[in-house]
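Trainee: First to last, the sequence lines map onto chains A and B. Residue numbers for the first sequence follow this note's numbering, beginning at 12 and rising by one. Residue numbers for the second sequence follow this note's numbering, beginning at 1125 and rising by one. Here a beta-carbon is modelled for each residue, glycine too, at the ideal position from N, C-alpha and C. Keep in mind the model is a prediction, meaning the values are calculated, not measured.
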Amino acid sequence: MRPFVFESATNLRQASYLGLRSGQGETDAKVQFLAGGTTLLDLMKLGVLRPDRIVDLGPVHAGHDAIHLDANGLQLGAFAKMAAAAEHPGVLAHYPAIAQSLQLAASAQLRNMATLGGNVLQKTRCTYYRDPTWRECNKRNPGSGCAALKGFNRNHAILGVDESCIAQYPGDFAIALMALDAQVELSSASGSRRIPFATLHRAVAGQPHIENTLRSGELITSFIVPPGAWTRRSLYLKVRDRTSYEFAIASAAIALDMDAERVRTVRIGLGGMASRPWRATQAEELLTGQPLTEANAQAAATTALKDAITHGHNDFKPELARRTLVRALLQARSMRVADAEL
Amino acid sequence: MSAITRRSVLTGSAALAAITVAPLEAKTVAQRNAAGGVRVNLVVNGKVQSLTLDPRVTLLDALREHLHLTGSKKGCDHGQCGACTVHLDGRRVLACLTLAAAVGPRPVRTIEGLAAADGTLHPMQQAFIDHDGFQCGYCTPGQIMSAVACVQEGHAKTDADIQEYMSGNLCRCAAYPNIVAAIRQGRDQMEST
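1) For the stretch 233-267 of chain A, which residues have a beta carbon sitting closer than 7 Å to at least one beta carbon of chain B?
2) Taking 6 Å as the limit between beta carbons, can you name the residues of its chain near arginine 61 of chain A, skipping five residues before and five after?
3) Is there a Cβ of chain A sitting closer than 7 Å to that of valine 1275 of chain B, yes or no?
4) Could you check if aspartate 53 of chain A is buried or exposed, using at least 16 other CB atoms within 10 Å of its CB as the buried criterion?
5) Hey, would you say alanine 1273 of chain B sits closer than 7 Å to glycine 1310 of chain B, going by beta carbons?
6) Taking any Cβ of chain B, which residues in the stretch 143-174 of chain A have a Cβ under 8 Å from it, in chain order?
7) Tell me the residue span of the beta strand (DSSP E) that contains asparagine 1165 of chain B.
8) With 7 Å as the C-beta to C-beta threshold (strictly closer), list the residues of the stretch 1207-1225 of chain B near chain A in chain order.
9) Can you look up serine 1270 of chain B in the DSSP assignment and give me helix, strand or coil?
10) On the criterion of 16 or more Cβ atoms from any shown chain inside 10 Å, does asparagine 22 of chain A qualify as buried, or is it exposed?
11) Verify the CB distance criterion: does proline 1179 of chain B have a CB-CB separation below 7 Å to chain A?
12) Rounded to the nearest angstrom, what separates isoleucine 206 of chain A and isoleucine 231 of chain A at their Cα positions?
13) Could you confirm whether any beta carbon from chain B is found closer than 7 Å to the beta carbon of leucine 23 of chain A?
14) Between the stretch 1267-1292 of chain B and chain A, which residues of the former have a C-beta closer than 8 Å to a C-beta of the latter?
15) Name the chain A residues that come within less than 9 Å of histidine 1190 of chain B, Cβ to Cβ?
16) Can you give the Cα-Cα distance for glycine 129 of chain A and glutamine 43 of chain A, rounded to whole angstroms?
17) Using beta-carbon positions only, say whether leucine 1175 of chain B and valine 1164 of chain B come within less than 7 Å of one another.
18) How would you list, in chain order, the residues of chain A whose beta-carbon sits under 9 Å from the beta-carbon of valine 1167 of chain B?
19) CB glycine 1195 of chain B to CB leucine 1218 of chain B, shorter than 7 Å?
20) Find the nearest neighbour of glutamate 18 of chain A within the set A:Pro70, A:Ile78, A:His322, judged by alpha-carbon distance.
21) What is the rounded straight-line gap between the Cα of proline 219 of chain A and the Cα of alanine 178 of chain A?
22) Just to make sure I have the definition right: I need the residues of chain B whose C-beta is within less than 8 Å of the C-beta of aspartate 67 of chain A. Which are they?
23) Using CA coordinates, which residue listed in A:Arg287, A:Lys161, A:Leu45 is at the minimum distance from aspartate 67 of chain A?
24) With 16 as the cutoff for other CB atoms within 10 Å, does alanine 349 of chain A come out buried or exposed?
25) Among residues of its own chain, excluding the 5 on either side of valine 1145 of chain B, which ones have a beta-carbon nearer than 8 Å to its beta-carbon?
26) Starting from lysine 328 of chain A, trace the beta strand (DSSP E) both ways and give me its first and last residue.
27) Listed from N- to C-terminal order along the chain, which residues in the stretch 80-103 of chain A have their beta-carbon within a distance smaller than 9 Å of any beta-carbon of chain B?
28) Taking C-beta pairs closer than 7 Å, name the residues in chain A that aspartate 1201 of chain B reaches, listed in chain order.
29) For a contact meaning CB atoms closer than 7 Å, what does asparagine 123 of chain A contact in chain B?
30) Inspect the beta-carbon positions of alanine 1299 of chain B and glutamine 1259 of chain B and report whether they are closer than 7 Å.
31) Where does arginine 1188 of chain B fall in DSSP's three states?
32) At 3 residues or longer, what runs of the beta strand (DSSP E) sit wholly inside the stretch 228-301 of chain A?
33) Short of 7 Å Cβ to Cβ, which residues in the stretch 1292-1305 of chain B face chain A?
34) Using the beta-carbon of each residue, which ones in chain B are nearer than 8 Å to aspartate 53 of chain A?
35) Looking at C-alpha atoms only, which residue of A:Leu331, A:Trp289, A:Gly300 is the closest neighbour of alanine 191 of chain A?
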């Protein structure tokens, strides 16, 4: 790990000010915010992230870690730990896809450390990104190329990729937020703003080193998930190489509202598949108003994956994604949803 | 006179190695000192420990290298193996991914702080011995700290729960069946006292 100056921020405004040199969503910014530290410390030890200044947000946590839900929806403080949201009785009952996406992620220890805000900003697990002895990595070393295109790319992305980068977004929670149409509350030295979660992560667009749309010094303060008839009938299905403590090779977040046999509303997030948290809107449109049969689910899954680009080792992924999505849709249809008071 | 242990021999030879490379390191050390260390007050197993540390020092390195509490182990040093598991503010965390400077006043409990003052082992420690819940023993302090928290969280009710909620602690000797049996016993004894 390279030397750095350690500073603590006592409030959000000071944090934003200290973080003004944090860069605009660039991966290797010279100032990095420290929340749970589970991504940051790991990548600093690997020499992938090389900040010269760390702004510790520890003292800021307490004021922004509340989890609150009522008829207006769910509000998750960005400094809430993954474990707190995963086990919150209200989240479990009314937003099961969110609870499941967090329960199935990482380990108990990591879930006690990592914050929700840091979780959505976690970095790719691409082995070429994580190993600086590889020169070629446009995300780490802009303009150098992408070693994964012709390398070992078994779990690299097949959606939202271009020739500059096929790294996969590894998170689970973000996929549930996509399906549930969440908003993100942001705070900076110049004030606060709210944006759709779907616009937080940038498309690769030849510049994989710029991952998100956060402005310099801007921090995520909370996630707002709107209410809806579909939140109770929601789930997160995660497929991975081992039963526990592993990243997805395919996953789907479904939120569904049925009118008897027909789909009134369906929202679909796809994980383990794309360069950023992914929403399958065309598949949603295809299913809306239709009976949720296996055949219709398969047609929707085919649509969701029609633009997939594979690179050899990950040729299996479109089929795995289709099957995962079909299974998730049918599971959501047959979910037993008990009445529960807010 | 202090007894010669494996550890004192190892640290002795490490110090010798450090002297040999000292001229090469001199400049970086001076730069680091110029930047100044971070003053850290750690509350470890009920005792306040004041240290001045390089900001890069993790909680794990502070415990092992500065406070000589070597029970917490460094396995992967990347948050993947769980050997460094300690309790921070009553919750199990990974000491290798925690900066010592960011711990603040939150109390730290390590494997050294688990047994009673009179030396009576914690029920989970005793259970690991009773069930042979280890082979080489390197992952064991992390397993035990994790297991105690797992029971306190209410995540050790069934074998399936134990397997799921202990998945962040790897055992390369694969003593897993005995670890699960030990946690069952540790759980029952923790809950009956």
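Mentor: For this structure:
1) Ser255, Tyr256
2) To locate residue 61 of chain A, count along the first sequence from 1; it is residue 50. So the list reads Arg13, once near-sequence residues are dropped.
3) Walking along the second sequence from the start, residue 1275 of chain B turns up at place 151. By this cut-off, valine 1275 of chain B is not an interface position.
4) Here residue 53 of chain A refers to the residue found at position 42 when the first sequence is read from its first residue. With 16 or more Cβ atoms within 10 Å of its Cβ, aspartate 53 of chain A is classed as buried.
5) On the second sequence, position 149 is the one that residue 1273 of chain B refers to. On the second sequence, position 186 is the one that residue 1310 of chain B refers to. Their beta carbons are not under 7 Å apart, which means alanine 1273 of chain B does not touch glycine 1310 of chain B by this criterion.
6) none
7) Here residue 1165 of chain B refers to the residue found at position 41 when the second sequence is read from its first residue. Start and end: 1162-1168.
8) Thr1209, Arg1215, Arg1216, Val1217, Leu1218, Leu1221, Thr1222, Leu1223, Ala1225
9) By 1-based counting over the second sequence, the position of residue 1270 of chain B is 146. Reduced to three states, the DSSP call for serine 1270 of chain B is helix.
10) Mapped onto the first sequence, residue 22 of chain A falls at position 11. Label assigned to asparagine 22 of chain A: exposed.
11) Reading the second sequence from its first residue, position 55 is the one you call residue 1179 of chain B. Answer yes: the Cβ-Cβ gap between proline 1179 of chain B and chain A drops below 7 Å somewhere.
12) Translated into the one-based positions of the first sequence, residue 206 of chain A becomes position 195. Translated into the one-based positions of the first sequence, residue 231 of chain A becomes position 220. Each residue's Cα considered, the two are about 10 Å apart.
13) Position 12 of the first sequence, counted from the first residue, corresponds to residue 23 of chain A. Leucine 23 of chain A does not count as touching chain B.
14) Ser1270, Ala1273, Cys1274, Glu1277, His1279, Gln1287, Glu1288, Tyr1289, Met1290, Ser1291, Gly1292
15) On the second sequence, position 66 is the one that residue 1190 of chain B refers to. Ordered by position in chain A, no residue passes the 9 Å Cβ test against histidine 1190 of chain B, which lies about 16 Å from the chain.
16) The residue given as residue 129 of chain A occupies position 118 in the first sequence. The residue given as residue 43 of chain A occupies position 32 in the first sequence. If I take the Cα positions, the gap works out to 11 Å.
17) Locating residue 1175 of chain B in the second sequence gives position 51, where the first residue counts as 1. Locating residue 1164 of chain B in the second sequence gives position 40, where the first residue counts as 1. It is a contact, given that the beta carbons lie within the stated cut-off.
18) Residue mapping note: residue 1167 of chain B aligns to position 43 of the second sequence, counting from 1. Simply none; closest approach about 15 Å.
19) For the purposes of this step, residue 1195 of chain B is taken as residue 71 along the second sequence, with counting starting at 1. For the purposes of this step, residue 1218 of chain B is taken as residue 94 along the second sequence, with counting starting at 1. Their beta carbons are not under 7 Å apart, which means glycine 1195 of chain B does not touch leucine 1218 of chain B by this criterion.
20) Position 7 of the first sequence holds residue 18 of chain A. When each option's Cα is compared against that of glutamate 18 of chain A, the closest is A:Pro70.
21) What you label residue 219 of chain A is simply residue 208 of the first sequence in a count that begins at 1. What you label residue 178 of chain A is simply residue 167 of the first sequence in a count that begins at 1. Rounded to whole angstroms, proline 219 of chain A to alanine 178 of chain A spans 9 Å at the Cα level.
22) In the first sequence, the residue the question calls residue 67 of chain A occupies position 56. Per Cβ cutoff of 8 Å: Leu1223, Ala1225, Ala1226.
23) Counting from 1 along the first sequence, the entry for residue 67 of chain A is found at position 56. Answer by Cα proximity: A:Leu45.
24) Residue numbering aside, residue 349 of chain A sits at position 338 when the first sequence is read from its first letter. Its Cβ having fewer than 16 others within 10 Å, alanine 349 of chain A is exposed.
25) Looking up residue 1145 of chain B in the second sequence gives position 21. Confidence is the limiting factor: at valine 1145 of chain B the pLDDT is only 41, short of 50, which leaves the residue's position unreliable and the question unanswerable from this model.
26) Counting from one through the first sequence, the residue named residue 328 of chain A turns up at place 317. No beta strand (DSSP E) holds lysine 328 of chain A; the alpha helix (DSSP H) holding it covers 328-345.
27) Lys92, Ala94, Glu98
28) Within the second sequence, the letter at position 77 stands for residue 1201 of chain B. Going along chain A in sequence order, the residues near aspartate 1201 of chain B (Cβ under 7 Å) are Lys56.
29) For the purposes of this step, residue 123 of chain A is taken as residue 112 along the first sequence, with counting starting at 1. The answer, in chain order, is Arg1215, Arg1216, Val1217.
30) As a working note, residue 1299 of chain B is residue 175 in the second sequence. As a working note, residue 1259 of chain B is residue 135 in the second sequence. Going by C-beta atoms, alanine 1299 of chain B is nearer than 7 Å to glutamine 1259 of chain B.
31) For this step, residue 1188 of chain B is matched to residue 64 along the second sequence. Arginine 1188 of chain B: helix per DSSP, three-state reduction.
32) 230-236, 245-250, 261-270, 273-282
33) Gly1292
34) Within the first sequence, numbered from 1, the residue matching residue 53 of chain A stands at position 42. Simply His1202, Gly1203, Leu1221.
35) The residue you call residue 191 of chain A lines up with position 180 of the first sequence. It is leucine, not alanine, that sits at residue 191 of chain A in the sequence shown. The residue with the shortest Cα to Cα distance from leucine 191 of chain A is A:Trp289.
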